[in-house]
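Following: one structure in structure tokens, then a few remarks.
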Amino acid sequence: MATNGKKKTEKEKFYLTTPIYYPSGKWHLGHCYTTVYGDAIARFKRMEGYDVFYLTGTDEHGQKIEKRAESAGVSPKKFVDGLVGEIKELWGALNVSYTKFIRTTDDYHVKAVQNIFKKLYDKGDIYKSKYKGKYCTPCEAFWTESQLVDGKCPDCGREVQETEEESYFFKLSKYAPQVRKLLTETDFLQPESRVNEMVNNFIDAGLEDVAVSRTSFTWGVPVEFDKGHIVYVWIDALSNYITALGYNGESESADMNRFWPADLHLMAKEIVRFHSIIWPAMLMALDLPLPKKVVGHGWLLFGGDKMSKSKGNVVDPFILKERYGADALRYYLLRAMPFGSDGAYTSEALLTRINSELCNDLGNLVRRTMKMNEQYFAGKLSKGAESADDAAIIAKANALYGAVKADMDAYRPQQALEKIFDLVGMANKYIDLTKPWALVKENNTERLNQVLYVLTESIRIIGVLLLPFVPETGEKILASLKLTPPKTNEGLSYGAVKTYNTVALDALFPRLNVEKELEELEKLASGKKDEKESVKKEEKKEENKQVSEQDNNYITIDEFFRTQLKVAEVLACEKVEKADKLLKLTVKVGEEERTVVSGIAKYYTPEEMVGKRVVLVCNLKPRNMRGIISEGMILCASEGDKLTLVTPETAIGSGAEVC
Ligand code: ME8
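According to my numbering, the sequence shown holds residues 30 to 688 in order.
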């Protein structure tokens, strides 16, 4: 491990979480910020040799969802099922390397939350009383009169509802002194400014017990011992950080033993209150160790306002990713937001950064160097004698890993990226200083080799250190050096690779016509899709089709693994009325039950199907088939008019991964 140079037999763990998002269905660049930020840290820690557990997911209960599902005319579960696939798609598009995706509707989570609630009740830290006060439905937050701003929710500025209902309360007040100590005497919460906010506005203003159950709606985790109550959505949501590791309040869990306490909870500032006050108090009450760090970053602003769905100022990350690629977006998000502060999104700033930093500074450096390597040495270079002109860049290249590590240990990716780009800038200046073209004229082959070697070594170190931030670009750079991404942080100093055989590469980032792009984005934002765009898309599709036909329909391993295949056990089966070909099956996948409609009625009777173990495509978008929502697809093999189910060869539990 890099931390102290000592060899460790067992890897150190690093447990990192981002918030579990409300399945709003309109994912915006603000959401992407936290998850990409988390991903950069997760990837960096992996590179440092840590055993990383990176958790994300969806927060699916609450009155807000219940109301939206009601207006959509579907059950809340069906409503959220459709939306969860989209957010997973978004994380896939942005190359987010999470370890686990938790849904608060997962059975194991629901059960664990019930146990947690009971445990706190048995301990006397949850008691029954009556709640009378203000409730903000969009924020799912209770407020006291004194916390309201002009009578409205202090978080979102919307109207609050007078609420009076019987409720269970968590004894937050009991833990106020301990929580205060945690915030003021340790560096648990970062940045520092958030500590003052929490202490002044909440703790010192008087921390009251918090209502932790609701009776006025039903979409939530039922309190097992008092069925009219459901668990307050924040108790349900915060618990995800331990239930995802298998904590259930009853039995031991290997992941909990290994990964808890969390090393980092990452989120934006508006939910720091829940994570730095309620969550530690809950953990204290459960006698569990506290997370090591909570970081509350700033907001991505749009026209001076927080980017949010309810304000309608969202920027669609799918559109931006499609046009500019995942790395351009990742780079922009990570580079544009200073630690802890808000950052304003403008399309112009995004496009300008792509052109000047990614295309010009980085892209040109790599392309020019590889071109010269090829032109003058057929790509073959070796370490030569250093001259005075090399000293500064070598020193900077040697110091880069340490500097990036220091920033990443302080969870400051923006500063880390700045340092990497300082070396990019210096390498470009080094070309001007050493003038390789003059060395060619002078026939000074030895010096030319050394100059290109110094540049190539710098590019290698840049390429490796860029991997956590812009993984595709880092890999492309290393590929041009015929290197694969290293699995460790070793070799991040000048001279670690002594000889090279490099290859030229295409532009890392195409140069954009900013004015034209701004126009296009404007059109897309106002929903007026340019006809040309769709024609171009059709052409591209045709082109892709031809390429893929030539490629014999190859897919990459990553593409393949986006399909979640699991063993499912058929619990019940019946014919679908007025549909000769269709069977409706109830299947069990692990702890979960699903309904699946399958076109196999000609080949199997319902009776034959019950008890069979089949292979189910689990992450297929739910489809409405003859009025039934089908949640997956059963795999079969077919030949002519023969068809047979694909089944596991030997007995294996339902929920087993097919891989
Ligand atoms: O609060 N700028 O979910 P949520 C930066 N379910 N980050 C932003 C952002 C913006 N404009 N908008 C959203 C919830 N985010 C709860 C969390 S956790 C136990 C439960 C990010 O869908 C940011 O991380 O409203 C913020 O904290 C989170 O999305 C809130 O997402």
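Don't be surprised by glycine CBs; every beta carbon is placed ideally from N, CA and C.
If you follow the alpha helix (DSSP H) that residue i is part of, which residue opens it and which one closes it?
| i | result |
| --- | --- |
| Asp265 | 262-267 |
| Ile488 | 474-495 |
| Ser376 | 376-382 |
| Pro206 | 201-214 |
| Ser100 | 92-101 |
| Gly325 | No alpha helix (DSSP H) contains Gly325, which is instead part of the beta strand (DSSP E) from 323-326. |
| Arg75 | 58-76 |
| Ile506 | 500-509 |
| His138 | 136-152 |
| Ile131 | Unbroken run through Ile131 is the beta strand (DSSP E), 129-132; no alpha helix (DSSP H). |
| Met296 | No alpha helix (DSSP H) holds Met296; the beta strand (DSSP E) holding it covers 293-297. |
| Ser245 | From DSSP, Ser245 is part of no alpha helix (DSSP H); its letter is neither H nor E. |
| Leu119 | 105-122 |
| Ala234 | It is not in any alpha helix (DSSP H) - Ala234 carries neither H nor E in the DSSP assignment. |
| Asn542 | No alpha helix (DSSP H) holds Asn542; DSSP gives it neither H nor E. |
| Phe347 | 346-353 |
Indicate, with yes or no, if the ligand ME8 has a heavy atom lying under 7 Å from the CB of residue i.
| i | result |
| --- | --- |
| Met296 | yes |
| Ser53 | yes |
| Ile629 | no |
| Leu380 | no |
| Ile49 | yes |
| Trp289 | no |
| Ala266 | yes |
| Tyr62 | yes |
| Gly369 | no |
| Asp184 | no |
| Gly503 | no |
| Trp172 | no |
| Asp88 | yes |
| Ile131 | no |
| Gly249 | no |
| Trp120 | no |
| Glu115 | no |
| Gly59 | yes |
| Asn2 | The question about residue 2 has no answer here: the residues shown for the chain are numbered 30 through 688. |
| Leu329 | yes |
Can you pull the DSSP bridge partners for residue i?
| i | result |
| --- | --- |
| Asn530 | Lys409 |
| Trp172 | Lys163 |
| Gly372 | Leu329 |
| Cys602 | Leu614 |
| Gln593 | According to DSSP, which records beta bridges pairwise, Gln593 is partnered with nothing at all. |
| Ala283 | DSSP, once it has assigned bridges, lists no residue as partnering Ala283. |
| Ser196 | Ser158 |
| Val178 | Lys181 |
| Trp251 | Before going on, a small fix: residue 251 reads as Pro here, not Trp. The partner list for Pro251 (beta bridge, DSSP) reads Ile259. |
| Glu191 | Lys163 |
| Leu218 | Val323 |
| Asp766 | Lying before the first or after the last residue shown, residue 766 is absent from the chain, which here runs from 30 to 688. |
| Val693 | There is no way to answer for residue 693, as the model of the chain reaches only from 30 to 688. |
Under DSSP, the beta strand (DSSP E) around residue i begins and ends at which residues?
| i | result |
| --- | --- |
| Pro48 | 42-50 |
| Gly86 | 80-87 |
Using a Cβ-Cβ cut-off of 6 Å (strictly less than) and excluding sequence neighbours within five positions of residue i, which residues of its own chain qualify?
| i | result |
| --- | --- |
| Arg692 | This structure leaves residue 692 out entirely; the chain is present only between 30 and 688. |
| Gly492 | Gly503, Ile506, Leu507 |
| Asp80 | Lys40, Lys42 |
| Gly275 | Ser282, Asp284, Met285 |
| Leu468 | Arg476, Leu477 |
| Tyr127 | Tyr83, Thr85 |
| Lys298 | Gly325 |
| Ile131 | Gly86, Asn269, Ala273 |
Excluding the 5 residues flanking residue i on each side, which residues of the same chain have their C-beta closer than 8 Å to its C-beta?
| i | result |
| --- | --- |
| Trp172 | Gly162, Lys163, Tyr164, Cys165, Cys182, Pro183, Val189 |
| Phe254 | Lys147, Tyr150 |
| Phe198 | Ile155, Tyr156, Lys157, Ser158, Tyr160, Asp238, Val239, Ala240, Val241 |
| Val576 | For Val576, the pLDDT reaches just 43, beneath the cut-off of 50, and the residue's location in the model is therefore unreliable, although a value from the coordinates is still provided. Nothing listed; no residue qualifies. |
In its own chain, which residues sit with a C-beta less than 7 Å from the C-beta of residue i, not counting the 5 before and 5 after it?
| i | result |
| --- | --- |
| Arg623 | Val616, Glu660, Gly661 |
| Ile25 | What is shown of the chain runs 30 to 688, which leaves residue 25 out entirely. |
| Trp263 | Glu169, Phe303, Ile307 |
| Leu177 | Lys163, Pro183, Val189 |
| Thr398 | Leu481, Leu484, Thr485, Ile488 |
| Lys140 | Asn277 |
Quick one: complete alpha helix (DSSP H) runs, 4+ long, within the region 388-467?
393-406, 420-438, 442-463
Would you list, in sequence order, the uninterrupted alpha helix (DSSP H) runs of no fewer than 4 residues that lie entirely inside the region 606-688?
635-638
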